[in-house]
Amino acid sequence: MNPYVSPPQTGMGVIAVPPAVPELSVIVPTFNERDNVEALFGQLEAALDTVAWEAIFVDDDSPDGTAETVRAIGARDGRARCIRRVGRRGLAGACIEGMLAAQAPVVAVIDADLQHDASALRTMLEHIRAGADLVVASRYMAGGNADAFDRQRSWLSRTATTMAKWLPGVSTTDPMSGFFMIRREAVEARAPHLSRHGFKILLDIMTTSGRPLACVDVPFTFGARQAGESKLDRRTILDFLALLASKGIGATISPRFLWFSAVGGVGLLLHLAVLKGALAAGLAFAGAQAIATLCAMTSNFALNNALTYRDRRVHGWRIVPALAKFYAICGAGAVANVGVASWVFWGGSRWWAAGVAGSLIGAVWNYAMSTALVWGADE
Numbered sequence: 001m002n003p004y005v006s007p008p009q010t011g012m013g014v015i016a017v018p019p020a021v022p023e024l025s026v027i028v029p030t031f032n033e034r035d036n037v038e039a040l041f042g043q044l045e046a047a048l049d050t051v052a053w054e055a056i057f058v059d060d061d062s063p064d065g066t067a068e069t070v071r072a073i074g075a076r077d078g079r080a081r082c083i084r085r086v087g088r089r090g091l092a093g094a095c096i097e098g099m100l101a102a103q104a105p106v107v108a109v110i111d112a113d114l115q116h117d118a119s120a121l122r123t124m125l126e127h128i129r130a131g132a133d134l135v136v137a138s139r140y141m142a143g144g145n146a147d148a149f150d151r152q153r154s155w156l157s158r159t160a161t162t163m164a165k166w167l168p169g170v171s172t173t174d175p176m177s178g179f180f181m182i183r184r185e186a187v188e189a190r191a192p193h194l195s196r197h198g199f200k201i202l203l204d205i206m207t208t209s210g211r212p213l214a215c216v217d218v219p220f221t222f223g224a225r226q227a228g229e230s231k232l233d234r235r236t237i238l239d240f241l242a243l244l245a246s247k248g249i250g251a252t253i254s255p256r257f258l259w260f261s262a263v264g265g266v267g268l269l270l271h272l273a274v275l276k277g278a279l280a281a282g283l284a285f286a287g288a289q290a291i292a293t294l295c296a297m298t299s300n301f302a303l304n305n306a307l308t309y310r311d312r313r314v315h316g317w318r319i320v321p322a323l324a325k326f327y328a329i330c331g332a333g334a335v336a337n338v339g340v341a342s343w344v345f346w347g348g349s350r351w352w353a354a355g356v357a358g359s360l361i362g363a364v365w366n367y368a369m370s371t372a373l374v375w376g377a378d379e
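The UniProt record's numbering puts the first residue of the sequence shown at 1, with every later residue one more than the last.
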């Protein structure tokens, strides 16, 4: 009998048996995986036949009907649950929301693309029962295999793995794995400090300060995608590099803020180039500065819209009011920059310290207000 389905009420005095509390919650982030979720659920049933479990599919509002397919499964089997995220995108955020919504004391993350071998879940759970805090399904230990990658993906994966191993707290042979199991209490403790933007939630969990995690690796063979679409794109690579930078300097800094700052650096270079060209063309400094500032702000908006806030990109006519807001925010940020820098300078600090203080205030202002008012990201 399915432990998640109460027996039918046949008359007065019949007491329904409550559903069993799951020991394991399996988190499945999805986007356009309609053709895979039924097969994955069947694999979970076969792999966890004697375990009390639930599957939480966290769907980023897939246009292909993934959420509806999951709900159809849940209508016949209460172990399938669906969280539909509207207006939010990103693998890390989906995993975090799913893990925090889990009922079980142990959570696992597995992809919906059928590239992860669900039969490994039982072995992973046995290690958790034996005392491990974290169990990673590794492609890069003895017995593991990642031959399903093409040459480019293989190079990217191995390079990223090598880079990630430099970070403190990484104690696995495959920190880039998207297939792992962990005690929910460890996630709960780290959740406020995890980035919801990015691709590799495991690396973030391992490198976020907290009680050291007892980690065990188990080998698995990475399979070929059967249907759906890969979640890896250029933005996920950028997010990974930003996460490495944030963890490398030992600070809790949003990868999104790092990219916002990098875009600002590009804007500064553009500003100086346009200013020099305008002055060379004979314009007065005030006019040349105004043109350079407008060009830099426009460039910053375009790059942030394409990269920093790719998951919340504005399109069509919405760009016009968004750009106007961005101009206004940056203008106010410039005023704050000058005001703070002047205050620090006249307080006796060196000119460069005043300049840095003003720039930091301006950058934080621009980021916070742009996030809240232009792109509306839920930081």
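Using N, Cα and C, we set each Cβ at its ideal position, and we do this for glycine too.
Beta-ladder partner(s) of residue i, from DSSP
i      : result
Pro22  : In the DSSP output, where bridge partners are listed per residue, Pro22 has none listed.
Phe180 : Val109, Val136
Trp53  : Leu24
Val70  : DSSP lists no partner for Val70.
Cys215 : Leu134
Proximity winner among the options, relative to residue i (alpha-carbon distances)
i           : options                        : result
residue 387 : Asp59, Arg158, Arg122          : Within the shown structure, residues of the chain are numbered from 1 to 379, placing residue 387 beyond reach of any answer.
Ser177      : Pro212, Arg184, Val136         : Val136
Thr123      : Leu114, Ala112, Trp346, Ala108 : Ala108
Thr162      : Ile182, Ala132, Leu203, Val187 : Leu203
Gly98       : Arg184, Glu126, His193, Ser370 : Arg184
Glu23       : Gly331, Pro29, Thr50, Leu40    : Thr50
Leu114      : Asp133, Ala296, Pro29, Phe257  : Pro29
Phe326      : Asn305, Trp317, Ala363, Ser370 : Ser370
Met297      : Ala328, Ile201, His193         : Ala328
Leu194      : Ala332, Arg76, Ala92           : Ala92
Gly169      : Gly143, Ser25, Gly144, Leu134  : Leu134
Trp343      : Asn36, Ala214, Ile361          : Ile361
Arg129      : Trp375, Glu45, Gln103, Cys215  : Cys215
Ala332      : Gly316, Asp60, Asn366          : Asn366
Trp53       : Ile205, Arg256, Ile27          : Ile27
Leu200      : Gly90, Ala55, Pro321           : Per the sequence shown, the amino acid found at residue 200 is Lys instead of Leu. For the residues Gly90, Ala55, Pro321, the minimum Cα distance to Lys200 belongs to Gly90.
Sequence-distant residues of the same chain with beta carbon closer than 6 Å to residue i, five excluded per side
i      : result
Gly210 : Ala189, Arg190
Leu303 : Val263
Asp217 : Val136, Ser138, Met141, Thr172, Thr173
Leu279 : Ala288
Ala292 : His271, Val274, Leu275
Val187 : Met99
Ala118 : Gln43, Leu44, Ala47
Residue i (DSSP reduced to helix, strand or coil)
i           : result
Val187      : helix
Phe220      : coil
Val374      : helix
Asn145      : strand
Asp117      : coil
Val314      : coil
Pro29       : strand
Ala46       : helix
residue 381 : With the chain running from 1 to 379 in the structure shown, residue 381 is simply not present.
Ala80       : strand
Asp59       : strand
Ser261      : helix
Thr293      : helix
Thr102      : For clarity, residue 102 is Ala in the given sequence; the question names Thr instead. Coil at Ala102, not helix or strand.
Met1        : At Met1, the pLDDT of 43 sits below 50, so the modelled position is not reliable; the number obtained from the coordinates is stated separately. Correct three-state label for Met1: coil.
Thr207      : helix
residue 380 : Residue 380 lies beyond the residue range present for the chain, which begins at 1 and ends at 379; the question has no answer from this structure.
Pro321      : helix
Gly277      : helix
Gly65       : coil
residue 421 : Outside the modelled stretch of the chain, which goes from 1 to 379, sits residue 421, for which no answer is possible.
Arg34       : helix
Gly228      : Only weak support is given to the placement of Gly228: the predicted model assigns it a pLDDT of 45, under 50, and the value that follows is read from those uncertain coordinates. Coil, per DSSP.
Ala286      : helix
Ser299      : helix
Cut-off 8 Å between Cβ atoms - residues of its own chain near residue i, not counting five sequence neighbours on either side
i      : result
His116 : Ile110, Ala137, Gly178, Phe179, Phe220, Phe222, Gly223
Glu38  : Thr69, Ile73
Leu323 : Thr298, Phe301
Val86  : Asp61
Cutoff 7 Å; reference residue i; Cβ partners in own chain excluding five residues on either side
i      : result
Asn300 : Val263, Gly264, Gly267
Gly376 : Arg312
Ala336 : Ile361, Gly362, Trp365
Ala120 : Ala137, Val218, Phe220
Neighbour flag for residue i against chain B, beta carbons, 8 Å
i      : result
Val218 : The structure shown has no chain B; it contains just one protein chain.
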